[in-house]
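Working notes for the structure below.
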Amino acid sequence: MTQVLTAPATPASPAAGPAARTARRKALLRWIAVHSLGIAAALFFFLPFLFVFLTSVMSDQQALTRELWPHSWEWGNYAKVWHTPGFLTWWRNTLLYAGLGTVLTVASSIPVAYALAKFRFRGRNLSLMLVISMMMLPPQVIVIPMYLFWAKQLGLSGTLWPLIIPMAFGDAFSIFLLRQFLLTIPNEYLDSARVDGCGEFRTLTRIVLPMAKPGIAAVALFQFFYAWNDYFGPQIYASENKAAWTLSYGLESFKGAHHTDWNLTMAATVLVMAPVVLVFFLAQKAFVEGVTLTGVKG
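Going by this note's numbering, the sequence shown opens with residue 101, and the numbers climb by one from there.
In structure tokens:
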């Protein structure tokens with residue numbers, strides 16, 4: 101029987117520990133240096149939200165003092181805001197404005213974008229230029245004639261319908277964004293569907309729309325965010341009727357009534373921002389993909 105001899109294990113060098121720690125420290129510093137701009141940008145956007153949230157759960161005496169961390173977490177501030185007279189009405193009005201407006205905008209913009217992207221007809225480039233020119237037109241230019249039409253001719257002042265109804269006729273920015281995305285869909289898919297006997301409407305609903313989900317999601321999110329945060333429109337048309345106020349306009353009234361209760365004002369701000377932040381994080385992947393792919397083709 102042969103005996104296998106093994107060499108004795110050599111003890112670890114005493115300098116291995118400090119050397120490893122030094123290497124890890126250098127790697128960490130290198131990572132911070134490479135990502136310093138991103139970290140600074142993240143803190144620049146995150147810290148105001150953190151300040152608003154911490155202030156919203158402070159007591160009346162501590163809010164806006166030098167002490168930034170709450171002594172006691174006053175979660176009841178959110179209940180006080182939620183039960184403020186009119187707050188639920190502002191929520192319902194905002195959901196109606198943002199939700200219905202988003203559906204109408206997407207439904208009316210898709211056919212126009214599809215025609216501009218996939219059809220060949222005389223005046224197509226002129227139509228596209230008109231859409232782009234509408235994007236460049238400031239809303240303040242047409243606010244007076246539009247107000248006279250909706251308020252004086254149709255008698256819809258004091259409601260949100262002058263803001264919702266026009267969305268059923270398309271939106272220039274949504275049309276342009278969808279058109280750019282639809283250009284990325286190969287025409288071969290559409291030609292195959294037409295050869296199989298699909299009409300244009302069926303080709304749009306069965307072939308184009310499933311492939312255009314990221315672009316549609318991006319347009320829907322843009323429109324939802326715009327309507328949810330819109331202050332100018334409700335101020336013009338709904339300011340005379342408190343029952344038609346939205347959250348953005350009602351928050352200004354809430355701040356005026358509670359200008360000394362900054363904790364309640366911040367709690368109301370958090371409740372207004374929370375749905376938008378939640379929707380964005382839930383649809384972040386589709387939103388980023390849709391925005392990225394809209395610039396692939398011109």
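Quick reminder that beta carbons are idealized off the backbone N, C-alpha and C, glycines included.
Item: Inter-stretch contact at 8 angstroms, needing at least 3 Cβ pairs: the region 152-168 / the region 365-378; Value: yes
Item: Q280 - containing alpha helix (DSSP H), residue span; Value: 272-282
Item: Given 8 angstroms, three or more beta-carbon pairs between the region 269-286 and the region 172-185; Value: no
Item: F324 - containing alpha helix (DSSP H), residue span; Value: 313-329
Item: Buried or exposed (CB count within 10 angstroms, at least 16 for buried), G270; Value: buried
Item: Proximity winner among A142, L164, F144, L147, relative to L364 (alpha-carbon distances); Value: L164
Item: Short Cβ contact (8 angstroms threshold) for T202 with A327; Value: yes
Item: Beta-carbon contacts of L196 that lie in its chain and below 8 angstroms, excluding the five residues immediately before and after; Value: L260, I264
Item: Top-ranked residue by Cα proximity to A320, from V376, A251, I132; Value: V376
Item: Extent of the continuous alpha helix (DSSP H) run through G138; Value: 136-156
Item: Span separating the alpha-carbon of A293 from that of Y247; Value: 45 angstroms
Item: Cβ-based neighbour list, F221, same chain, cut-off 7 angstroms, excluding 5 preceding and 5 following; Value: none
Item: Distance between V181 and H171 (C-alpha atoms, nearest Å); Value: 21 angstroms
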